[in-house]
Amino acid sequence: MPRTVKAAVVNDFKVPPSYQDIEIADPSENQVQIKVLATGLHQLVKSRASGAHYSANVKLPLIPGVDGVGELPDGELKYFMTFNPTSTGSFAEYANVAKDDLLPVPKGADPAIVGGLLNPAMSSWLALRNRVELKKGFTVLILGVTGGSGQLAVQIARLLGASRIVGTGRNQKALDSLLANGLDAAITLSDDDTENEKAFAQEAANIDIVLDYLYGPVAEVAMRAIIGKREVTSQRLDWIQIGSMAGQTISLPANALRAANFYISGSGLGSISMADFRTELTELIKYLASGKLTGAVDPKSLKDISTAWTARSDGRQVFVL
Numbered sequence: 001m002p003r004t005v006k007a008a009v010v011n012d013f014k015v016p017p018s019y020q021d022i023e024i025a026d027p028s029e030n031q032v033q034i035k036v037l038a039t040g041l042h043q044l045v046k047s048r049a050s051g052a053h054y055s056a057n058v059k060l061p062l063i064p065g066v067d068g069v070g071e072l073p074d075g076e077l078k079y080f081m082t083f084n085p086t087s088t089g090s091f092a093e094y095a096n097v098a099k100d101d102l103l104p105v106p107k108g109a110d111p112a113i114v115g116g117l118l119n120p121a122m123s124s125w126l127a128l129r130n131r132v133e134l135k136k137g138f139t140v141l142i143l144g145v146t147g148g149s150g151q152l153a154v155q156i157a158r159l160l161g162a163s164r165i166v167g168t169g170r171n172q173k174a175l176d177s178l179l180a181n182g183l184d185a186a187i188t189l190s191d192d193d194t195e196n197e198k199a200f201a202q203e204a205a206n207i208d209i210v211l212d213y214l215y216g217p218v219a220e221v222a223m224r225a226i227i228g229k230r231e232v233t234s235q236r237l238d239w240i241q242i243g244s245m246a247g248q249t250i251s252l253p254a255n256a257l258r259a260a261n262f263y264i265s266g267s268g269l270g271s272i273s274m275a276d277f278r279t280e281l282t283e284l285i286k287y288l289a290s291g292k293l294t295g296a297v298d299p300k301s302l303k304d305i306s307t308a309w310t311a312r313s314d315g316r317q318v319f320v321l
């Protein structure tokens with residue numbers, strides 16, 4: 001029989017979700033109904049819940065949430081994903097999830113850490129493991145390093161063998177903290193593109209890989225500086241587009257693609273097979289469970305969804321049920 005659950009529910013794309021009862025159907029033969037223990041409030045969740053993301057479900061009402069850690073009827077812990085259009089969102093007491101979208105969680109793992117940090121960590125993990133061939137001692141520039149995903153990217157790049165990591169952002173306090181915890185150099189972005197270009201040329205001209213969480217005008221300035229000041233133009237530059245916090249488009253002159261050994265690719269839901277996606281996440285879960293990869297989480301009650309949706313936090317907000 002259908003189950004009535006407490007959930008965060010989007011009734012209007014322009015309004016934060018409300019905490020209310022909603023009925024979910026029985027799971028199909030290819031699904032399991034999992035008890036949700038922890039689920040993260042990610043930027044992707046907000047984008048999908050606004051109807052703006054390319055993977056969004058535009059039918060209302062809907063339960064938001066794309067992943068989490070839950071408990072099966074036999075007590076086994078699993079990380080789960082709800083990208084499958086037949087799955088229900090994770091911001092509820094229970095969720096119907098495709099059996100193929102369940103991944104093992106090691107015993108002793110903190111559900112809030114895995115459920116809250118796997119999504120922001122996967123962006124750089126997948127980019128570096130699947131979208132580029134890493135060479136020994138590679139160097140990396142992270143555009144947008146002060147956000148949750150960017151901060152985890154510093155740790156992940158180092159775990160995967162980076163010898164030098166440069167990060168950019170506007171939050172000086174966050175940059176200073178990162179400089180004390182893994183970042184080798186920081187570029188403080190300003191409203192002066194000339195100064196920004198000089199800083200990119202000085203700190204990142206010979207970088208191997210760019211992880212771009214910003215795009216837009218910042219990416220244009222960085223590309224111009226790096227390509228223009230590169231000591232060896234045949235040295236490969238891999239630019240991996242991940243996010244677009246600074247803009248959805250750029251102007252890319254044709255000669256930029258000829259003036260250097262320059263490759264642009266994207267890393268997202270459509271750029272990797274689901275089989276590889278699951279394999280990579282299973283490995284990443286082990287790093288989070290063991291504490292080799294960590295970050296700040298801010299546990300919340302799902303009852304507080306309406307205020308938490310727009311609140312600022314020093315850590316990834318995680319709804320613990």
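The sequence shown begins at 1 in UniProt numbering and counts up by one.
Glycine included, each C-beta is placed from N, C-alpha and C at the ideal position.
So, under 8 Å CB-CB, residue i and residue j are touching, yes? Tell me the CB distance rounded to an integer number of Å.
i: Ser-306; j: Pro-17; result: 7 Å
i: Val-221; j: Asp-193; result: 5 Å
i: Tyr-94; j: Ile-34; result: 7 Å
i: Phe-91; j: Phe-319; result: 6 Å
According to DSSP, is residue i helix, strand or coil?
i: Gly-116; result: helix
i: Met-245; result: coil
i: Asn-96; result: strand
i: Gln-235; result: coil
i: Gly-68; result: strand
i: Pro-73; result: coil
i: Asp-21; result: strand
i: Leu-134; result: coil
i: Arg-258; result: coil
i: residue 324; result: Examination of residue 324 is not possible in this model, given that the chain is present from 1 through 321 alone.
i: Ala-109; result: coil
i: Ser-28; result: coil
i: Val-15; result: coil
i: Ser-271; result: coil
What's the call for residue i, buried or exposed, on a 16-neighbour Cβ count within 10 Å?
i: Asn-30; result: exposed
i: Ala-157; result: buried
i: Leu-179; result: exposed
i: Arg-170; result: exposed
i: Leu-60; result: exposed
Excluding the 5 residues preceding and the 5 following residue i in the sequence, name in chain order all residues of the same chain whose CB lies nearer than 8 Å to its CB.
i: Met-122; result: Glu-280, Leu-281 and Leu-284
Between which residues of its own chain and residue i is the CB-CB distance below 6 Å, once the five residues before and five after are set aside?
i: Ile-227; result: Ala-256, Ala-259 and Ala-260
i: Asp-21; result: Thr-4
i: Asn-206; result: Glu-231
i: Leu-152; result: Pro-120, Ala-121 and Gly-295
i: Leu-62; result: Val-10
i: Pro-111; result: Leu-37, Ala-38 and Val-69
i: Val-15; result: none
i: Ser-50; result: Phe-13
i: Ile-187; result: Thr-168, Ala-199 and Glu-203
i: Ala-185; result: Val-166 and Glu-203
Among residues of its own chain, excluding the 5 on either side of residue i, which ones have a beta-carbon nearer than 7 Å to its beta-carbon?
i: Val-132; result: Ile-209, Asp-238 and Ile-240
i: Asn-196; result: Leu-189, Ser-190 and Val-221
i: Asp-276; result: Asn-130
Inside the segment 143-220 only - beta strand (DSSP E) runs reaching at least 3 residues: Complete beta strand (DSSP E) runs here, min 3: 164-169, 185-188 and 209-212.
Complete runs of the beta strand (DSSP E) confined to the segment 278-320 [at least 3 residues]: Counting only runs of 3 or more, we get 297-300 and 316-320.
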